[in-house]
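Below is one structure, written out as structure tokens; comments come after it.
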Amino acid sequence: MALTQQQPESVRIRLSAQRFFAVSSVVVATCVVVGVPAARTAPTFWAGWVLVVLATVLLEGLHRFRAPDGWSALVPVLDVLAVALLRAELMPTMAGLAVLVVVPALWLGVAHGRAGIVVAGLGGLVVFTLPVLASTEALSTAANVGRFLLQQLQTAGLAFFGHRAATELRHRRHRLDDELRAARRRELIGRAVLQGVGSGVIVYDAAGRLLAANELARAISENGGYDLARPDLPGRRVWQQDGVAPVPPDRQVLGRATSEEHVPDTLEWLGPPHDLTPVGWNARRMHDQDGSVLGTVVVCHDLTTSFRARRSQEQFLGTVTHELRTPLTSIVGYVDVAESLIPPEDALLRRSMAAIRRNSEELSERVAQLLSTADSRPELREEEVDLGDLVASLAGRWQRRCADLGVRLHCSFDDDVPAAVDPHQVARVVDALLSNAAKFTPPGGDVRLRVVQDGRTAALVVSDTGIGMAPADLDRAFDRFQRGDAARVGAVQGLGLGLGLVRRIVEAHRGTVTMHSEARVGTTVTARFPLAVGSLRPEATPAPA
């Protein structure tokens with residue numbers, strides 16, 4: 001039998017078992033001394049009692065001196081011998097003493113495996129044989145023989161099933177230990193990933209209690225005065241873009257994250273007003289397979305670098321376009337002078353100068369787009385105008401351009417659609433939308449320009465029967481310098497600035513712009529402007545979404 005170091009759990013169990021056995025023996029001894037006077041002087045009785053005391057003292061000593069595990073097998077052996085001696089002496093009056101063999105039999109089977117089962121079986125043989133040897137009538141009947149054999153089987157069975165149960169428990173414990181180690185490894189990997197990602201990550205359970213947060217998330221949240229452990233409390237330094245107006249508590253991201261299913265991309269400005277940090281947030285709940293809520297994951301990004309890069313880009317565009325504008329103005333001026341000097345009969349020179357003027361105007365339009373891109377927010381000079389009349393006055397010049405491209409332009413304008421807009425900026429919106437529609441519609445196609453009242457908004461709708469857009473391009477259609485695959489493959493001229501300009505102008509008017517497009521079917525863009533105050537009519541024509 002291998003002598004291994006005892007484990008603390010098994011030592012405690014064995015000490016408890018032996019103490020229970022010793023206490024039971026004390027109870028038996030007390031009953032014997034009081035109720036069986038003849039046994040007081042019986043040597044087998046006192047020998048059995050001495051073995052109980054010796055086994056108990058031995059186990060306590062083995063525990064105190066941290067003896068190898070194998071030595072503890074002596075204790076249940078001594079207990080079995082003690083039960084055998086006590087039962088041999090007290091068989092006539094206390095036959096139930098055999099029940100005491102349960103403790104050492106289980107001990108041997110659980111702690112010492114097959115060898116323990118064999119020892120327990122031999123011990124049971126001793127326990128139940130000694131009284132037989134002491135009595136001439138013990139096996140005189142078939143019933144006594146059956147009882148004797150059954151007692152042997154019970155003792156061995158206790159050890160065997162104790163061994164099986166202990167083996168199964170050990171296997172289960174090993175599996176649980178393996179699963180625990182695997183879970184700890186996964187936890188360590190998860191924490192390493194959490195700390196290694198370039199974004200702040202915060203995890204809450206279903207009750208809104210903080211489970212985990214990496215250092216970047218803690219730093220970002222601290223800058224905004226958020227308490228990650230109390231997402232229900234508003235941040236103390238959470239601002240709108242102006243750095244003056246705070247974000248209302250019910251609109252702050254952390255509070256919404258633990259109460260809403262999904263918080264889409266949201267921009268907050270955190271920190272003291274003189275040193276604001278742009279932070280992008282999004283949050284989403286996690287669900288179990290049965291649909292129950294597991295918790296919420298919140299992700300935050302420090303957008304300082306992106307905003308600085310964007311600002312540098314805008315400054316660069318502003319510088320370049322201003323540098324282009326000066327010589328371009330001179331070119332256009334000299335074209336005017338040159339055209340005035342061309343003899344009427346020189347048709348070739350006039351066509352050449354017309355081409356120079358046309359391309360100069362095209363280049364001027366590109367420069368104007370770049371200049372508008374460099375401006376972070378268009379400056380508005382709003383007037384109350386009839387949007388239908390305004391757009392109708394702009395549509396005339398596009399009739400000729402569309403005709404030159406072989407595209408039919410259809411116009412429809414509701415009467416009395418008053419809106420507070422900047423006419424110059426609305427003209428830029430119309431030009432950008434019609435330019436896109438005309439360029440991407442093949443000859444023979446149709447472009448439709450409409451102005452309708454749609455609920456509380458004045459809707460400007462431009463639709464075409466052109467090549468349309470793929471879903472992947474549609475998601476980025478309003479990004480600056482974004483050109484779809486169709487534009488690149490078809491070599492359609494443009495900088496990819498038109499739709500981005502449209503969105504910025506419409507949003508500056510507190511409006512919205514939406515697009516619906518299907519490849520090889522066409523595109524519809526709807527720009528909605530707020531109606532002028534007091535102009536709402538009960539009837540309204542719905543505009544396309």
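UniProt numbering numbers the first residue of the sequence shown as 1 and each following residue consecutively.
Glycine included, every Cβ here is placed at the ideal spot set by N, Cα and C.
Here the structure is a predicted model, which means the values were calculated and not measured.
Limits of the unbroken alpha helix (DSSP H) element including residue i
i, result
"residue 448", "From DSSP, residue 448 is part of no alpha helix (DSSP H) but of the beta strand (DSSP E) over 446–454."
"residue 45", "43–64"
"residue 384", "From DSSP, residue 384 is part of no alpha helix (DSSP H) but of the beta strand (DSSP E) over 383–386."
"residue 216", "215–223"
"residue 546", "Coverage of the chain is limited to positions 1 through 545, which leaves residue 546 absent and any answer about it impossible."
Proximal residues to residue i (C-beta, below 8 Å), its chain only, five neighbours per side dropped
i, result
"residue 166", "109, 110 and 111"
"residue 266", "253, 280, 281 and 282"
"residue 491", "The predicted position of residue 491 is uncertain, since its pLDDT is 39 and thus under 50; no value can be drawn from it."
"residue 488", "Here the model assigns residue 488 a pLDDT of 41, short of 50, so the residue's position is not dependable, and the following value carries that caveat. Once the five neighbours on either side are set aside, residue 488 has no close Cβ partner at all."
"residue 191", "212"
Sequence-distant residues of the same chain with beta carbon closer than 7 Å to residue i, five excluded per side
i, result
"residue 217", "200, 201, 202 and 300"
"residue 433", "462, 502 and 525"
"residue 102", "158"
"residue 426", "390"
"residue 302", "220, 277 and 279"
"residue 288", "294"
"residue 445", "407, 464, 465 and 466"
Residues near residue i by beta carbon distance below 6 Å, same chain, minus five either side
i, result
"residue 19", "none"
"residue 460", "451 and 527"
"residue 229", "210"
"residue 470", "519"
"residue 412", "450"
"residue 349", "342"
"residue 529", "419, 421, 458, 509 and 511"
"residue 387", "417, 419, 451 and 458"
"residue 62", "71 and 72"
"residue 104", "76, 79 and 80"
"residue 547", "What the structure shows of the chain is the stretch from 1 to 545, and residue 547 is not part of that stretch, so it cannot be assessed."
"residue 227", "233"
"residue 29", "49"
Residue i, enclosing beta strand (DSSP E) - first and last residue
i, result
"residue 410", "408–413"
"residue 610", "This structure cannot settle anything about residue 610, because the visible part of the chain is limited to 1 through 545."
"residue 421", "418–421"
Beta carbon of residue i nearer than 8 Å to that of residue j
i, j, result
"residue 273", "residue 243", "yes"
"residue 443", "residue 532", "no"
"residue 100", "residue 48", "no"
"residue 77", "residue 119", "yes"
"residue 59", "residue 14", "yes"
"residue 383", "residue 423", "yes"
"residue 278", "residue 319", "no"
"residue 234", "residue 258", "no"
"residue 194", "residue 214", "yes"
"residue 447", "residue 431", "no"
"residue 237", "residue 271", "yes"
"residue 506", "residue 407", "no"
"residue 82", "residue 55", "yes"
"residue 313", "residue 269", "no"
"residue 401", "residue 347", "no"
"residue 171", "residue 116", "no"
"residue 357", "residue 335", "yes"
Residues bridged to residue i (per DSSP)
i, result
"residue 522", "518"
"residue 459", "452 and 528"
"residue 282", "299"
"residue 268", "279"
"residue 210", "204"
"residue 263", "283"
"residue 246", "239"
"residue 512", "528"
"residue 293", "287"
"residue 464", "447 and 523"
is_contact[residue i, chain E] using C-beta, thresh 8 Å
i, result
"residue 306", "In summary, chain E is missing from the structure at hand, where a single protein chain is found."
Meets three-Cβ-pair contact criterion under 8 Å: the segment 183–201 and the segment 215–229: Put simply, the segment 183–201 touches the segment 215–229. At least three CB pairs are less than 8 Å apart.
Stretch-stretch touch, CB-based, cutoff 8 Å, three pairs: the segment 359–368 with the segment 314–329: yes
Segment contact, 8 Å Cβ cut-off, at least three pairs: the segment 337–354 with the segment 383–399: no
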